[in-house]
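Engineer: Oh and the sequence shown: position 106 is 121 in the working numbering, straight run, nothing missing. Please find one structure pasted underneath; my questions will follow.
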Amino acid sequence: MWAEKEYRNLARLEKVGIPAPRPVGFEENIVVMTLLGGNGMAAPQLNELEGGDYAALSKMVLSALRTLVSRAHLVHGDLSPYNVVVWDKKPYIIDVSQAVLVSHPDAARLLENDIRNIAAFFELKDVGVEDYYRVGADLADDVKQHQKESLVRPDLLD
Ligand SMILES: Nc1ncnc2c1ncn2[C@@H]1O[C@H](COP(=O)(O)OP(=O)(O)OP(=O)(O)O)[C@@H](O)[C@H]1O
Ligand SMILES: [Mg+2]
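Shown next as C-alpha cells:
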C-alpha cells in the first residue's frame, strides 16, 4: 500500500513540476522510478555532497517546498538532507511515501519539522535561512486554512 502511495505522491510532484524521480509504476511493495544520477551511479544525497553551492541549493529547495505545499497540497513529512539528492547542481526531492495532504491533522506539525530540519542543515553551511521561516509561516497559515475548510462538512451547513 505504501508503494502505491509513494507512486501517487511522485505523480503529484511531477504534475506541478517539482524536481523528483519520475514514477514509472508500482507493484506489491515496489515502486519503480527513474534513477537520479549518471553512468549507473546514483546521485549523492545533499548531506554527502562536497563543495556544492549551498546558497543556490537552499533557494531551490525552498522553492520546491513552497510548490509542494501550495500546488501539490502535500507536506513531505521526512524532509532532511538525506531525502534530497543533488544532480547537475540541482536538488531533487525523494522519499515521499509518508507525505500527507495538507488537510491531514498532523500536516502543520510535520511541515514545521520539515522546515526546521532542512533549514538547520543550510544554516550549518552558513546560508541565511530567514526565508525558510518566513515562507514556512505563510505555508503553515495555508495548511491551517485547509484544515479548517476540511472540517466544514457541506452536508452539515444549512
Ligand atoms: N530515484 C533515485 N535516484 C537516485 N538515488 C536514489 C533514488 N531514490 C533513492 N535514492 C537513494 O537511496 C536512498 C534511500 O532512498 P529513500 O530515501 O527513498 O529510502 P528510505 O526509506 O529513506 O531508505 P533507507 O532509510 O533504508 O535509506 C536515498 O537517500 C538516496 O541516496
Ligand atoms: Mg530516505
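Backbone N, C-alpha and C define an ideal beta-carbon position, used for all residues, glycine too. All values reported here derive from a predicted model rather than from experimental measurement.
Can you have a look at Asp66 and say buried or exposed, based on whether 16 or more other CB atoms are within 10 angstroms of its CB?
Structural biologist: Strictly speaking, residue 66 in this sequence is Gly, with Asp absent from that position. The residue is exposed, with fewer than 16 neighbouring Cβ atoms inside 10 Å.
Engineer: At a cut-off of 7 Å, would you count Asp110 as near ligand 1, judging by its Cβ distance to the nearest heavy atom?
Structural biologist: Asp110: yes, Cβ under 7 Å from ligand 1.
Engineer: Under three-state DSSP, which class holds Met16?
Structural biologist: Residue state, collapsed to three classes: coil.
Engineer: How many whole angstroms separate the CB atoms of Arg81 and Leu154, which I take to be in contact at a CB cut-off of 8 Å?
Structural biologist: Right, their Cβ atoms sit about 7 Å apart.
Engineer: Quick one: does the C-beta of Leu72 sit closer than 7 Å to a heavy atom of ligand 1?
Structural biologist: Because no heavy atom of ligand 1 lies under 7 Å away, the Cβ of Leu72 does not count as near it: no.
Engineer: Assess contact between the region 117-132 and the region 142-156, defined as three or more Cβ pairs (one per stretch) separated by less than 8 Å. Is contact present?
Structural biologist: Result yes; three or more Cβ-Cβ pairs closer than 8 Å.
Engineer: Taking 7 Å as the cut-off, does the CB of Met56 come closer than this to any heavy atom belonging to ligand 1?
Structural biologist: Every heavy atom of ligand 1 is 7 Å or more from the Cβ of Met56, so no.
Engineer: When you compare the CB positions of Val111 and His91, do they come within less than 8 Å of one another, or not?
Structural biologist: It is a contact, given that the beta carbons lie within the stated cut-off.
Engineer: For a test of your reading of the model: does the CB of Tyr107 fall under 7 Å from any non-hydrogen atom of ligand 2? Yes or no.
Structural biologist: For ligand 2, not one heavy atom lies less than 7 Å from the Cβ of Tyr107.
Engineer: Name the two residues that bound the continuous beta strand (DSSP E) containing Val31.
Structural biologist: Unbroken run through Val31: none, as it is neither H nor E.
Engineer: In whole angstroms, what separates the C-alpha of Asn62 from that of Leu72?
Structural biologist: The straight-line gap from Cα to Cα measures roughly 12 Å.
Engineer: Just to confirm, is the Cβ distance from Ala79 to Pro106 under 8 Å?
Structural biologist: Contact: yes.
Engineer: How about Val84 and Val158: do their beta carbons lie closer than 8 Å?
Structural biologist: A contact, by the Cβ cut-off of 8 Å.
Engineer: Once you ignore the five residues that flank Asn44 on each side, which residues in its own chain have a CB closer than 8 Å to its CB?
Structural biologist: Trp17, Ala18, listed in sequence order.
Engineer: Using the rule of at least 16 other Cβ atoms within 10 Å of the residue's Cβ for burial, across every protein chain shown, is Asn98 buried or exposed?
Structural biologist: Classification for Asn98: buried.
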